[in-house]
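Engineer: One structure follows; several queries about it will come next.
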Amino acid sequence: MKFPLIFGSTTIALLLAFFASRSAAQKIVVKAPSPLTCGNPSDAVPLYWSTIPSVDVFYTTVISDITSVVRGDGYDFGGIACLVFTTQELSTVPLFHVYNGNLIDNFYTTSTTERDLALESGYTASPTAAYIYPSQICGSIPFYRIYSSIDTVHIYTINVTERDAILALGGWTDEGITGYVLDFHSTCA
Ligand SMILES: *[C@@H]1O[C@H](CO)[C@@H](O)[C@H](O)[C@H]1NC(C)=O
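Read in order, the letters of the sequence shown correspond to residues -25 to -1, 1 to 164 in mature numbering (1 follows the signal peptide of the UniProt record, and there is no 0).
Dropping the structure here:
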């Protein structure tokens, strides 16, 4: 042994215990939802849906906007679609909202490319609808999108059973996942 034996066995045991506790602490940090990378779930609010069946579905977090379409435009209030953020919290991206009054279609996307294509084809920009996660992080779940080109209706849902039931009716296209949102079933309890 070339190293001078400057540490007694008690010191070495203490050092080993220190590093063991450090790596244990690091494991806990990796497992827990990190406040450094996730939005605060308690800031999430309901994204409500209202609809004129076979014509349009309108999604908003703003109660006065629901009142406006229900009283003014003949929409029926549907309920809560999911939970979202109204400001850009950590790791979230804007859910853009555009509207086409000729088609009567409210369209929501996190993609600037899709938004810009819609704007070029006759949609007009509305204020950002919400902020959601671009990938499945922070306990989020997929927000699925389906589209009827016959009725020019976009439907968004977290419910796979509902999505598949509508797709099975025919005339609807699976447009994948718009982003990742929080489930209201557990969070609101
Ligand atoms: C999902 O949708 C199906 C079909 O519409 C419905 O029966 C079910 O209750 C929904 N599940 C939840 C958790 O809302």
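No residue lacks a Cβ here, since even glycine has one placed at the ideal position from N, Cα and C. Values in this document were obtained by computation on a predicted structure and should not be read as measured data.
Considering only residues of the same chain and omitting the five flanking positions on each side of T87, which have a CB-CB separation below 8 Å?
Structural biologist: The residue you call residue 87 lines up with position 112 of the sequence shown. Correct list, in chain order: F71.
Engineer: Report the partner residues of C57 according to the DSSP bridge assignment.
Structural biologist: Translated into positions along the sequence shown, residue 57 becomes position 82. Its beta-bridge partners are L22.
Engineer: Cα-Cα, which of T62, F60, V45 is closest to G54?
Structural biologist: Counting from one through the sequence shown, the residue named residue 54 turns up at place 79. Closest option to G54, Cα to Cα, is V45.
Engineer: Go through the residues and name those whose CB comes closer than 5 Å to any heavy atom of ligand 1, in chain order.
Structural biologist: N134, T136, E137
Engineer: Quick one: grab the DSSP three-state call for V30.
Structural biologist: Residue mapping note: residue 30 aligns to position 55 of the sequence shown, counting from 1. Reduced to three states, the DSSP call for V30 is coil.
Engineer: When we look at the beta-carbon of K6 and count the other beta-carbons within 10 Å, is it buried (16 or more) or exposed?
Structural biologist: Counting from one through the sequence shown, the residue named residue 6 turns up at place 31. A caution first: K6 carries a pLDDT of 49, below 50, which makes its placement in the model unreliable, though a value can still be read off. That one is exposed.
Engineer: Could you check how far apart the C-beta atoms of Y83 and Y23 are, in whole angstroms? I think they sit under 8 Å.
Structural biologist: Taking the sequence shown and counting its residues from 1, the one referred to as residue 83 is at position 108. Taking the sequence shown and counting its residues from 1, the one referred to as residue 23 is at position 48. So it is not a contact: roughly 13 Å between Cβ atoms.
Engineer: When the cut-off is 7 Å and only beta carbons count, does Y34 lie next to chain D?
Structural biologist: You won't find chain D in this structure, because it holds only one protein chain.
Engineer: At which residues does the beta strand (DSSP E) containing L70 begin and terminate?
Structural biologist: Stepping through the sequence shown from its first residue, residue 70 is reached at position 95. That run of the beta strand (DSSP E) goes 68 to 75.
Engineer: So, is S25 buried or exposed, given that buried needs 16 or more other C-beta atoms within 10 angstroms?
Structural biologist: Looking up residue 25 in the sequence shown gives position 50. Label assigned to S25: buried.
Engineer: Residues in the same chain with beta-carbon distance under 6 Å from V30, minus the five sequence neighbours each way, listed in chain order, please.
Structural biologist: Translated into positions along the sequence shown, residue 30 becomes position 55. If we look at V30 and ignore the five residues flanking it on each side, its Cβ neighbours are I79.
Engineer: Quick check on the DSSP output: the beta strand (DSSP E) that includes T103 runs from which residue to which?
Structural biologist: As a first step, residue 103 must be located in the sequence shown, where it is residue number 128. 99 to 107 is the span of the beta strand (DSSP E), which, as asked, contains T103.
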